[in-house]
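For reference, the structure discussed in these notes is given below.
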Amino acid sequence: MGIPDKKKFRSDCMVVGFALFSMFFGAGNVVFPPYLGFGAGSQWASGFLFYFIADIGLALFALFTLLKVGGSENITGRLGKVASAILMSAIILCIGPMVAIPRTAATTFEMSVAPLFSGVSPVIFSVAFFIVVLLLSVKQSAVVDIVGKFLTPALLIGLLVLIIKGTISPLGSILSPHVPTEYVVVNGIKSGYQTMDVLAALAFGIIILSSASEKGYTDAKSSSKMIGVAAVIAGVLLLIVYFGLTYLGATSASLFDLVISRADLVIGIVERLLGRAGLVIFAIVVALACMTTAVALVSSAASFFEKLSGGKLRYSVIVIIICVFSAVISNLGLDRIVAIASPILDIVYPPTLVLIAMAWFGDRVDNSVYRWAVVGAFITSVLSTLSLYGVAVPFIGKLPLASLGLSWILPAVVFGIIAFAVSKLRKKPQKA
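Residue numbers (our numbering): 2 to 433.
The following block contains the structure:
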């Protein structure tokens, strides 16, 4: 089927675009931009630019890559069936029941419930939170419409109220950076890197492609056009929100102690701008951001594991299992979840980025090049992670871009080039 009439096309683009915005604007995204602006001070715009590139820039790049190749399995599939299943399972578990989904509940409790209601049991809250997530996720085909039509407008209104008030009546003067100027860009990149949105893009693509098909975009051209326009809409909305939140952080530099936590900084900004009523608005914003992300992640993870099992595990059953498991993990608390996840993400992220970047080469390079480039990134990321936890690996810190957490790039390129040269030599015809 081709592209439907223009009115339906515009409506579908808006719904899917709003849904993508909500999916990417999750638990971590609420707190990173203000804290970045707080530290960057007068250099906040530079920090924001690199944060946006490292976060949504790479995430949208991953989404467009997924559209180009036709699905996440065509990105990871270059590694071979077993290795692909292992890597994709690790990605889904990280952005699913092991880390990201429990983090949404923990963040909602610590930033929306605890500041307003004392004595609420985190266990009871986690059960209530995931009952709602379960109800919103259990009907797979409705997820994007629920998120795009109902939850996103409410989320955007809450954020825009906060940003507009902070722009009209700034909290204070923008001071010199709290950190050396050369670290502003570094902090922007690292903050974007920590959101996990690139990993999430591979999972979100599963339900976005499914939604496009449900809406009648059954051929690759019409589906890509609709999702491409929707992705641009999501990118513009995220640009506005991140820009505003980073600015709010920059205007608060003179008001808070340098050791303030990310969560306390945001709560302090909201309370000073809008008072107690503002905390209520913020509580709703955070709850919506976390809820929309949780719904998207539960649906994506369930779809993946249903497909991985060959349909032996039903989607609805997997949704229930994920919600129950995530409710238990969420009670560890936000800080412990982040601490446990950190080394895992440091290892999983680089190979995934390599595969996404190399997917644009398609069949022009041998699968061995994909595999060895991933091996180079994987080995380096393991060694870099070990060095962060006290294991002596002297050369890791001397690799290019190591200060940005990107020491894996050069080994990935070198391993890939060597594999490419070897593949060419093997294919070279022998002389008679």
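The C-beta atom is built at its ideal place from N, Cα and C for all residues, glycine as well. None of these values were measured; they are calculated from a predicted model.
For my contact list, residue i and residue j are in at a C-beta cut-off of 8 Å; report their separation, rounded to the angstrom.
| i | j | result |
| --- | --- | --- |
| A420 | S369 | 5 Å |
| I175 | A84 | That pair is no contact at about 49 Å. |
| P412 | T381 | 4 Å |
| V267 | L280 | Not really, about 10 Å apart at Cβ, beyond 8 Å. |
| T252 | L309 | That pair is no contact at about 47 Å. |
| V134 | C324 | 6 Å |
| S404 | V187 | 6 Å |
| F51 | I228 | No, F51 and I228 are not in contact; Cβ-Cβ is about 26 Å, not under 8 Å. |
Quick one, which of the options has its alpha-carbon nearest residue i's?
| i | options | result |
| --- | --- | --- |
| M197 | S12, Y371 and V349 | V349 |
| L136 | G417, D364, S404 and V320 | V320 |
| L59 | A290, V394 and L356 | L356 |
| K425 | F326, A155, L256 and R365 | R365 |
| I169 | L274, A115, L157 and I87 | L274 |
| G363 | L67, F39 and A55 | L67 |
| F49 | L172, D220, K313 and G250 | G250 |
| A290 | F10, G72 and T109 | T109 |
| R337 | G38, V100 and F379 | V100 |
| I92 | A202, S43 and S122 | A202 |
| L1 | D6, T294, F257 and Y184 | With the chain represented from 2 up to 433, any question about residue 1 goes unanswered, as that position is not in the structure. |
| A20 | L407, L117 and A231 | A231 |
| A235 | I209, M359, D220 and A374 | I209 |
| W409 | F396, Y390, P395 and F379 | F379 |
| G1 | S138, G193, S225 and F26 | With the chain covering only 2 through 433, there is no way to say anything about residue 1. |
| L346 | A374, D220 and L387 | L387 |
| S43 | G391, S211 and P178 | P178 |
For residue i, does the count of other Cβ atoms within 10 angstroms reach 16, so buried, or fall short, so exposed?
| i | result |
| --- | --- |
| I341 | exposed |
| V415 | exposed |
| V287 | buried |
| P351 | buried |
| A213 | buried |
| F53 | buried |
| A433 | The predicted position of A433 is uncertain, since its pLDDT is 46 and thus under 50; a value taken from the coordinates is nonetheless stated next. By the 10 Å Cβ count, A433 comes out exposed. |
| S119 | exposed |
| I165 | exposed |
| G417 | buried |
| R79 | buried |
| R104 | buried |
| W45 | buried |
| V121 | exposed |
| L402 | exposed |
| A41 | buried |
| P154 | exposed |
| W361 | exposed |
| D13 | buried |
| P395 | exposed |
| I397 | buried |
| K8 | exposed |
| A55 | buried |
| Y218 | buried |
| M2 | With a pLDDT of 49 at M2, under the threshold of 50, the modelled position of this residue cannot be trusted, and the question is left open. |
| L354 | buried |
| V16 | buried |
| A63 | buried |
| K399 | exposed |
| V318 | exposed |
| A278 | exposed |
| G193 | buried |
May I ask which residues mark the beginning and end of the alpha helix (DSSP H) holding residue i?
| i | result |
| --- | --- |
| N368 | N368 to L389 |
| L411 | I410 to K428 |
| I57 | Taken as a continuous stretch (DSSP letters only), I57 belongs to no alpha helix (DSSP H), as it is neither H nor E. |
| D265 | R263 to L309 |
| N75 | E74 to T77 |
| P123 | P123 to S138 |
| G97 | Careful: G97 lies outside any alpha helix (DSSP H) and carries neither H nor E. |
| A231 | A221 to T252 |
| T196 | Looking at the DSSP string, T196 is not in any alpha helix (DSSP H), and its letter there is neither H nor E. |
| F10 | K7 to F25 |
| Y218 | Counting along the chain, Y218 falls outside any alpha helix (DSSP H), and DSSP gives it neither H nor E. |
| D336 | L335 to M359 |
| A41 | F33 to A41 |
| V392 | Careful: V392 lies outside any alpha helix (DSSP H) and carries neither H nor E. |
| A1 | The displayed coordinates of the chain run from 2 to 433. Any statement about residue 1 would go beyond what the structure contains. |
Exercise. Can we say the region 320-335 touches the region 112-131, given the rule of at least three CB pairs closer than 8 Å?
Worked result: yes
For this session: Spell out a yes or no on whether the region 299-310 and the region 90-98 are touching, meaning 3 or more CB-CB pairs, one atom from each, closer than 8 Å.
Result: yes
For this session: Specify whether the region 33-43 and the region 262-273 touch according to this definition: at least 3 beta carbon pairs, one from each stretch, less than 8 Å apart.
Result: yes
Exercise. Okay, do the region 161-172 and the region 242-249 touch, 3+ Cβ pairs below 8 Å being the bar?
Worked result: yes
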